[in-house]
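Below is one structure, written out as structure tokens, with a few remarks after it.
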Amino acid sequence: MADVEPIFSAVSSNAHHLYTLLQCIGFVPKATVLITPDGIRFSVEEGRVIQGLAFLDKALFTTYTFNPPAAPNNTSGDSGDGDDSSDATSNPCFVVSLSSLLETLKIFGVNDPSATGANKAVSVQPSNPSSSNAFTTPALLFDRSCTLQYFQDGSPLSITLSETGIKTTCELTTYEPDGGEVDIPLQRDAIIMKVIMRSAWLHNAIVELGATNPNMLKISASADREPFFALSGSGGPFSESSVEFSIEEQGPDNGASSQSRKVLTDDGTSRSRAKRTKLAPTVTETFLVSPPSSMGSRIKQNYRFSLIQKASRAMAVANKVSIRGDRQGVLSLQFMVEFDAHGSSGASNSTRSSRGALGPTVTFVDFRFVPLLDDEEAADENSMDDYE
Numbered sequence: 001m002a003d004v005e006p007i008f009s010a011v012s013s014n015a016h017h018l019y020t021l022l023q024c025i026g027f028v029p030k031a032t033v034l035i036t037p038d039g040i041r042f043s044v045e046e047g048r049v050i051q052g053l054a055f056l057d058k059a060l061f062t063t064y065t066f067n068p069p070a071a072p073n074n075t076s077g078d079s080g081d082g083d084d085s086s087d088a089t090s091n092p093c094f095v096v097s098l099s100s101l102l103e104t105l106k107i108f109g110v111n112d113p114s115a116t117g118a119n120k121a122v123s124v125q126p127s128n129p130s131s132s133n134a135f136t137t138p139a140l141l142f143d144r145s146c147t148l149q150y151f152q153d154g155s156p157l158s159i160t161l162s163e164t165g166i167k168t169t170c171e172l173t174t175y176e177p178d179g180g181e182v183d184i185p186l187q188r189d190a191i192i193m194k195v196i197m198r199s200a201w202l203h204n205a206i207v208e209l210g211a212t213n214p215n216m217l218k219i220s221a222s223a224d225r226e227p228f229f230a231l232s233g234s235g236g237p238f239s240e241s242s243v244e245f246s247i248e249e250q251g252p253d254n255g256a257s258s259q260s261r262k263v264l265t266d267d268g269t270s271r272s273r274a275k276r277t278k279l280a281p282t283v284t285e286t287f288l289v290s291p292p293s294s295m296g297s298r299i300k301q302n303y304r305f306s307l308i309q310k311a312s313r314a315m316a317v318a319n320k321v322s323i324r325g326d327r328q329g330v331l332s333l334q335f336m337v338e339f340d341a342h343g344s345s346g347a348s349n350s351t352r353s354s355r356g357a358l359g360p361t362v363t364f365v366d367f368r369f370v371p372l373l374d375d376e377e378a379a380d381e382n383s384m385d386d387y388e
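The sequence shown begins at 1 in full-length UniProt numbering and counts up one residue at a time.
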């Protein structure tokens, strides 16, 4: 198979970045992989109520080669119009053991440095927690490379780890998708809430609420009355706990440093509602709320807390998070992870994209959650009786 030109081949000079992204969605043993010209998409789901998506952008690799195979031609007799269907290509899609892939990257010496740093003191986390320094594991891996290859449909996913002339190759068996995984739909044209903030603030809130072992997470947002944005945990052995992202009043002297709060209108545009204080530090960069008339002036949705906790690792390593909710109650947590250019880019690499060669590389990890129904909420509330 070594003489066959692979469908896909990519080389990374810092496998720690790949490990970090994949570990964010490592709450299930298997992942569906989709190889595209722009990068590799890993998706996982559990019980059709939570979905995690991690996209390894081609900018994370020093070289990225993709030779898409020809799409299977469905010649069903009448090919009357002379379409160039023979030129059509398809993006390979297969299932692989995500836990085995993570273990393979560990062979490379990539341990999880965020396991101690992120959980130790998230509130004092630097604005770029994923940056490497002289004392982190990634800083010691500059002379190593990781090569991912996929030769043909049905072949294993090959991972080759190279260090000072020594190569270690691991082949992971790939499986055909069973077709059961369906993306949880987010109605982008029916977004009623959008909040962008530092991911560390969301992580802090979830950690605090998790101390009371709740069953349910309640999200509350309002554009015109406090609490403007609040997270509450309930249904556990303890009383309900809440974290409110409040807005302090600001004097007229500091009006120049204040930021505008915007409210979504029915036509999709936004208007300034009032001046808000400069938070110390500022919690939200964007705060757009437009509840439907059936909700009144406040958006309220409930989710299973244990599912939200599965995104904790992404919260810990990301720089920012975009919290979005649609009219159906589907919650999207999109995390922006920014990698320092020292390990993931090289100026001498002519095959890298211009975006990856200049400055840090930005990638995204996306989680989607299905809301709790009324009967599920009642069951969670009644579960408190077990502790009394």
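We put the CB at the ideal spot given by N, CA and C, even for glycine.
Closer than 7 Å by C-beta to residue i: which residues in its own chain qualify, once you throw out the five before and the five after it? Chain order, please.
i	result
G251	Because G251 sits at a pLDDT of 42, beneath the cut-off of 50, its placement in the model cannot be relied upon, and the following sentence gives the value as read from the coordinates. Once the five neighbours on either side are set aside, G251 has no close Cβ partner at all.
L22	F42, A54, L98, L101 and L102
N91	L34, I35, T36 and P68
P360	E338, F339, D340 and A341
L307	V49, I50 and F369
L140	Any reading at L140 is ruled out, since the residue's pLDDT is 48, under 50, leaving its predicted position unreliable.
I206	I308, Q309, S312 and M315
G39	F55, L56, D57 and K58
Cα-Cα, which of the options is closest to residue i?
i	options	result
Q309	I50, L56, Q187 and T173	I50
A221	G235, V33, L288 and C24	L288
A314	E240, I107 and L333	L333
E285	V337, V321 and Q149	V321
I323	D340, C93, F339 and V365	V365
R327	A71, R188 and Y150	R188
N204	S234, D153, A311 and R304	A311
G179	S234, V95 and V207	V95
F228	F335, R298 and F305	R298
D153	R144, E171, C170 and C93	C93
S239	A71, F245 and L209	L209
G52	I206, V283 and G26	G26
T65	F335, S158 and E5	E5
G325	G165, F367, F245 and I206	F367
V362	A31, R198, L56 and S294	L56
E176	Y19, D374, T20 and K30	K30
R198	F335, G39 and R225	F335
G296	R225, F245 and I166	R225
DSSP on residue i, reduced to helix/strand/coil?
i	result
N367	Sequence check: residue 367 is Phe here, not Asn. In the structure shown, F367 sits in a strand (DSSP, three-state: E or B).
F151	coil
R48	coil
A70	strand
Q334	strand
V317	helix
residue 425	Because the chain in this structure spans residues 1 to 388, residue 425 falls outside the shown range and cannot be described.
R298	strand
residue 414	Residue 414 lies beyond the range of the chain shown here (1 to 388); nothing can be said about it.
G165	coil
F228	coil
A15	helix
E208	helix
F27	coil
I308	helix
T104	helix
D374	helix
E223	Inspection of the sequence shows that residue 223 is occupied by Ala rather than by Glu. Correct three-state label for A223: coil.
D183	coil
R41	strand
R144	strand
D189	helix
T20	helix
S99	helix
S239	coil
S199	helix
S9	strand
Which same chain residues end up closer than 6 Å to residue i when comparing Cβ atoms and leaving out the 5 residues on each side of it in sequence?
i	result
residue 407	No answer is possible for residue 407: it lies beyond the span of the chain, which begins at 1 and ends at 388.
T173	P156
T168	L161
R236	The residue you asked about is not Arg; residue 236 is Gly in the sequence shown. Excluding positions up to five away in sequence, the list reads T212, N213, P214 and N215.
V28	V44 and E46
S158	Q149 and E171
S13	T62 and S145
S241	L209, T212 and G233
Am I right that residue i and residue j are in contact with their C-beta atoms under 8 Å? What's the rounded C-beta distance?
i	j	result
L372	N319	Between N319 and L372 the Cβ distance is about 29 Å, and since that is not below 8 Å, they are no contact.
A10	L148	5 Å
V330	L186	5 Å
F305	L217	5 Å
V243	A230	7 Å
F8	Y150	4 Å
What does a CB cutoff of less than 8 Å around residue i pick up in its chain, not counting 5 residues either side in sequence?
i	result
R48	V182, I184 and V370
How about residue i: is its C-beta nearer than 7 Å to some C-beta of chain D?
i	result
I166	Included in the structure is just one protein chain, with no chain D present.
Does the ligand ZN have a heavy atom nearer than 6 Å to the CB of residue i?
i	result
V207	Looking at this structure, you won't find the ligand ZN or any other ligand, since it has none at all.
Touching or not, the stretch 290-300 and the stretch 188-199, by the rule of three or more beta carbon pairs under 8 Å?
Touching, per the Cβ criterion.
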